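2 protein chains.
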Amino acid sequence: MDDLTEMLKGTLEGCVLEIIGREETYGYAITRRLNELGFADVIEGTVYTILLRLEKNGLVRVTKRPSELGPPRKFYALDDAGREELGRFWAKWEYLSSRIDKLKEGGR
Amino acid sequence: MDDLTEMLKGTLEGCVLEIIGREETYGYAITRRLNELGFADVIEGTVYTILLRLEKNGLVRVTKRPSELGPPRKFYALDDAGREELGRFWAKWEYLSSRIDKLKEGGR
DNA sequence: TACCACTATACGGTATCACCGAGTAGCCCG
DNA sequence: CGGGCTACTCGGTGATACCGTATAGTGGTA
Chain L
1 MDDLTEMLKG TLEGCVLEII GREETYGYAI TRRLNELGFA DVIEGTVYTI LLRLEKNGLV
61 RVTKRPSELG PPRKFYALDD AGREELGRFW AKWEYLSSRI DKLKEGGR
Chain G
109 MDDLTEMLKG TLEGCVLEII GREETYGYAI TRRLNELGFA DVIEGTVYTI LLRLEKNGLV
169 RVTKRPSELG PPRKFYALDD AGREELGRFW AKWEYLSSRI DKLKEGGR
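First to last, the sequence lines map onto chains L and G.
Throughout the first sequence, residue numbering follows this note's numbering, covering 1 to 108 in sequence.
Throughout the second sequence, residue numbering follows this note's numbering, covering 109 to 216 in sequence.
Structure below.
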């Protein structure tokens, strides 16, 4: 698949929120998860910038824990603001994707 | 609906291509069409920047024609490169939206 | 006439976002 | 000890939608 970067803007952050919402996890694992899910070219650096932004915006709770096989991990979990933001994200996605699909099907 | 600007990045240009692909039309009318289609907050300035970019990238054929009720209009039509780009856009959209919907449905 | 609304386009500047590159660091294995 | 995997940080880049302002033609109306 071609380059998706522009199309990911505004949606990748929501995907990360969704993954964190499922279970407390950390950056490196989130990146691997995204790659599995078909976001093949998403790289660690991108995910970390998103995580730092989420933290700065007060959407996540962060806990540092040692790892058995490497440096310590920063685990992320959604707080209430994060859950609300996730809800808004899916509402926007629903809205936008329905409009675009309608346009595609000859929308009038 | 909340602010969709970030989510529109990478998709709005494709929507404009699709509209132009249906019939030769001009900026002001494209804006009105987008508004009707649910892209309610998209404004003229945004559409004109996209159109100038399409022209610069050689995806459209441009014809200036007088209007009965205002300044002259610049009509846009897709050329071959534009049609190819439109195809790539829909392929990317299909790919991305299917992945995101799968993630939403509990994607594994 | 003077003003306003609608139509129609252009353009410089801004914010945001995903991405890149380089760096730091811990752990394991040959 | 060197390479490879794990794990995070941070400064900078490029693309995009958006904002504000300017310009300009047309028609209505007070």
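For each residue, glycine too, the CB sits at the ideal point set by N, CA and C.
None of the values given here were measured: they were computed from a predicted structure.
Test item: CB-CB of L51(L) and G87(L) under 7 angstroms: Here residue 51(L) corresponds to residue number 51 of the first sequence, with the count starting at 1. Here residue 87(L) corresponds to residue number 87 of the first sequence, with the count starting at 1. Contact: no.
For V170(G) and Y203(G), the rounded distance between their alpha carbons: Reading the second sequence from its first residue, position 95 is the one you call residue 203(G). Reading the second sequence from its first residue, position 62 is the one you call residue 170(G). Taking the straight line from one Cα to the other gives about 31 angstroms.
Secondary structure of L69(L), DSSP reduced to three states: Within the first sequence, numbered from 1, the residue matching residue 69(L) stands at position 69. Reduced to three states, the DSSP call for L69(L) is coil.
Residue-level contact to chain G via CB, G38(L), 7 angstroms cutoff: Taking the first sequence and counting its residues from 1, the one referred to as residue 38(L) is at position 38. Chain G, which has a Cβ nearer than 7 angstroms to the Cβ of G38(L), makes this yes.
For R22(L) and R33(L), the rounded distance between their alpha carbons: One-based indexing of the first sequence puts residue 33(L) at position 33. One-based indexing of the first sequence puts residue 22(L) at position 22. The straight-line gap from Cα to Cα measures roughly 12 angstroms.
Cβ pair count under 8 angstroms reaching 3, the segment 170-180 of chain G against the segment 113-125 of chain G: no
Contact under 7 angstroms by Cβ, E132(G) with L167(G): Here residue 132(G) corresponds to residue number 24 of the second sequence, with the count starting at 1. Here residue 167(G) corresponds to residue number 59 of the second sequence, with the count starting at 1. For the pair E132(G) and L167(G), the CB atoms are not nearer than the 7 angstroms cut-off.
Candidates A81(L), I30(L), L78(L), L103(L), of which the one nearest L211(G) by Cα: Reading the second sequence from its first residue, position 103 is the one you call residue 211(G). Among A81(L), I30(L), L78(L), L103(L), the Cα nearest to that of L211(G) belongs to I30(L).
Sheet register partners of K182(G) (DSSP bridge): Position 74 of the second sequence, counting from 1, holds the residue named residue 182(G). DSSP lists K172(G) as partners of K182(G).
Residue nearest to M7(L) in terms of C-alpha spacing, selected from R161(G), F197(G), L145(G), T157(G): By one-based count along the first sequence, residue 7(L) stands at place 7. When only C-alpha atoms are compared, the closest one is F197(G).
Chain G residues whose Cβ lies nearer than 9 angstroms to that of R99(L): Along the first sequence, read from residue 1 onward, the residue named residue 99(L) stands at position 99. By Cβ distance, chain G contributes C123, L145, G146, F147.
Beta-carbon proximity list for R111(L), same chain, < 8 angstroms, skipping 5 on both sides: Lying outside 1 to 108, the shown extent of chain L, residue 111(L) is not represented and no answer is given.
Proximal residues to L186(G) (C-beta, below 8 angstroms), its chain only, five neighbours per side dropped: Taking the second sequence and counting its residues from 1, one reaches residue 186(G) at position 78. Once the five neighbours on either side are set aside, the close Cβ partners of L186(G) are L125, I128, G129, L167, V168, R169, L194.
T119(G), DSSP secondary structure in three states: For the purposes of this step, residue 119(G) is identified with residue 11 of the second sequence, where counting begins at 1. Residue state, collapsed to three classes: coil.
Where the alpha helix (DSSP H) containing I208(G) begins and where it ends: Taking the second sequence and counting its residues from 1, one reaches residue 208(G) at position 100. Per DSSP, I208(G) belongs to the alpha helix (DSSP H) from 188-212.
C-alpha distance - V42(L) paired with G10(L), whole-angstrom precision: Indexing the first sequence from 1 puts residue 42(L) at position 42. Indexing the first sequence from 1 puts residue 10(L) at position 10. When rounded, the distance between both Cα atoms is 14 angstroms.
Alpha-carbon spacing of A148(G) relative to P71(L), whole angstroms: Counted from its first residue, the second sequence places residue 148(G) at position 40. Counted from its first residue, the first sequence places residue 71(L) at position 71. Using only the alpha carbons, I get a separation of about 48 angstroms.
Residue from D3(L), Y48(L), K92(L) whose Cα sits closest to the Cα of R73(L): Within the first sequence, residue 73(L) is the residue found at index 73, counting from 1. It is Y48(L) whose Cα lies nearest to the Cα of R73(L).
T119(G): contacting residues in chain L (beta-carbon distance under 8 angstroms): The residue given as residue 119(G) occupies position 11 in the second sequence. Near T119(G) (Cβ distances below 8 angstroms), the residues of chain L are M7, L96, I100.
L159(G) at chain L interface by Cβ criterion, 7 angstroms: If you number the second sequence from 1, residue 159(G) lands on position 51. No, L159(G) lies away from the interface with chain L (no Cβ there is under 7 angstroms from its Cβ).
Cut-off 8 angstroms between Cβ atoms - residues of its own chain near E44(L), not counting five sequence neighbours on either side: Here the question's residue 44(L) lines up with position 44 in the first sequence. Correct list, in chain order: G27, Y28, T31.
Classification of S205(G) by the beta-carbon crowding that lies within 10 angstroms, buried from 16 upward: In the second sequence, residue 205(G) corresponds to position 97, counting from 1. Around the beta carbon of S205(G), a 10 Å sphere encloses 16 or more other beta carbons of the protein chains shown; the residue is thus reported as buried.
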